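In this note's numbering, the protein residues as written are 33 to 276.
Next comes the structure, spelled out in structure tokens:
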């Protein structure tokens, strides 16, 4: 209850400061509308049924991209941790790929894959797999030496050793990486929609921007923030449930 009240207090301070600034500084509505105008735009989206298809489209892309990127990242992280040769071969390319600015890569993906879901998913995968790969490698390195020795003494097969010892021991690191990856998945989804989609929350932002509908633009941004907080909160919930 205290945490909820504290959160509501933060929201009240932000909204109150926003409303006061708009009125005292006499800010034009096209630059920064008052909170009630943004709330009205959001209510219109909900009332007319326009928000649900855009929100579900973005949420689906985030979930699928996050799941696919996580699987690729975990598999690649395990492979790099297991094989020195693989690390030496792939590390330079992986670092180069991660160093490339994704906002510059995104137009190339649209050029290569067209205005389709494929280009959107590839962008999300590129953003998600690296933190999950790094988290997997760090987690596997943290497996206690006595547990690893016990696994060898029991003569466990490689798959059984992975799923009964390595993955459970690496779970804290994987959840920490997932907190970063879920935000990256959201960023990738919105960036992809900005460039190539005709639906989604990113498309709503473009629509608000091109039509000079600032309340719509800010309403879409607020919904975007809520989606990101929801994803982060779900991963945090899984982390807390694991500790119980």
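Ideal Cβ positions, reconstructed from N, Cα and C, are used throughout, including at glycine. Since the structure is predicted, the reported quantities are computational estimates derived from the model, not experimental observations.
Item checked: Alpha carbon of residue 243 to alpha carbon of residue 204, nearest angstrom -> 45 angstroms
Notebook entry, point to check: Taking C-beta to C-beta, are residue 105 and residue 195 nearer than 8 angstroms?
Noted result: no
Notebook entry, point to check: Can we say the segment 236-250 touches the segment 58-74, given the rule of at least three CB pairs closer than 8 angstroms?
Noted result: yes
Check: When the Cα of residue 260 is compared with those of 210, 226, 271 and 230, which residue comes out closest?
Finding: 210
Check: Is residue 233 near residue 86, with beta carbons less than 8 angstroms apart?
Finding: yes
Margin query: Between the alpha carbons of residue 121 and residue 170, how many angstroms are there, rounded?
Written below: 19 angstroms
Notebook entry, point to check: How about residue 224 and residue 240: do their beta carbons lie closer than 8 angstroms?
Noted result: no
Check: Based on Cα-Cα distance, which residue from 192, 40 and 93 lies nearest to residue 150?
Finding: 93
Checklist line | Identity of the residue in 202, 220 and 218 nearest residue 297 by Cα | finding: Residue coverage of the chain in this structure runs from 33 to 276, which leaves residue 297 outside it and unanswerable.
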